[in-house]
């Protein structure tokens, strides 16, 4: 920064990831933070990752994104509530090709957001179960329709293994 020029403010945003334990939330965050799929991943109860967003061109200032990785286990519900307190956006993750996961998202996670977050905006995020999985156009249409019906601000499909869709997801945030 040139001398004498005022320092631009740092805008801080908090994003909370929720979803079933199998929805690979930790893999998504690790891939975004590291730039590649992690070799190992440990189960998470509640973890905050602060990521400076470098490639954002805002006149208002720089962005610091705090990403909260939560567990999908019911035993830790009260910890999830802690993460919701300062949330600006919620990412609701579900595994593509897993109908029970999709219904759980609709019947539990969306209601939880509406009750606990007082309508914090959320994005539905479909995750591919592995790199060989190919989504059908019907599955994509159904996921987008669910996003509209539940009031999500959008739907994005991602694959942490090869990174597809991850940049688009974080640009949406």
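Residue numbers (the numbering used here): -10 to 162. Using N, Cα and C, we set each Cβ at its ideal position, and we do this for glycine too.
Can you give the beta carbon distance from residue i to residue j, rounded, assuming they're within the 8 Å contact cut?
i, j, result
"residue 140", "residue 147", "At roughly 21 Å, the Cβ-Cβ gap does not stay under 8 Å, so residue 140 and residue 147 are not in contact."
"residue 114", "residue 80", "5 Å"
"residue 131", "residue 20", "That pair is no contact at about 25 Å."
"residue 84", "residue 116", "6 Å"
Starting from residue i and walking both ways along the beta strand (DSSP E), at which residues does that stretch end?
i, result
"residue 0", "-1 to 8"
"residue 53", "51 to 59"
"residue 115", "111 to 116"
"residue 139", "Careful: residue 139 lies outside any beta strand (DSSP E), inside the alpha helix (DSSP H) at 126 to 139."
"residue 82", "78 to 84"
Taking residue i as the reference, give the member of the options with the closest Cα.
i, options, result
"residue 7", "124, 111, 127", "111"
"residue 75", "86, 54, 83", "54"
"residue 149", "-2, 2, 27", "27"
"residue 142", "117, 15, -1, 109", "109"
"residue 78", "4, 86, 16", "4"
"residue 51", "135, 126, 138, 2", "2"
"residue 57", "18, 86, 144", "18"
Return the first residue and the last residue of the alpha helix (DSSP H) that residue i is part of.
i, result
"residue 26", "No alpha helix (DSSP H) holds residue 26; DSSP gives it neither H nor E."
Which partner residues does residue i have in the DSSP bridge list?
i, result
"residue 148", "153"
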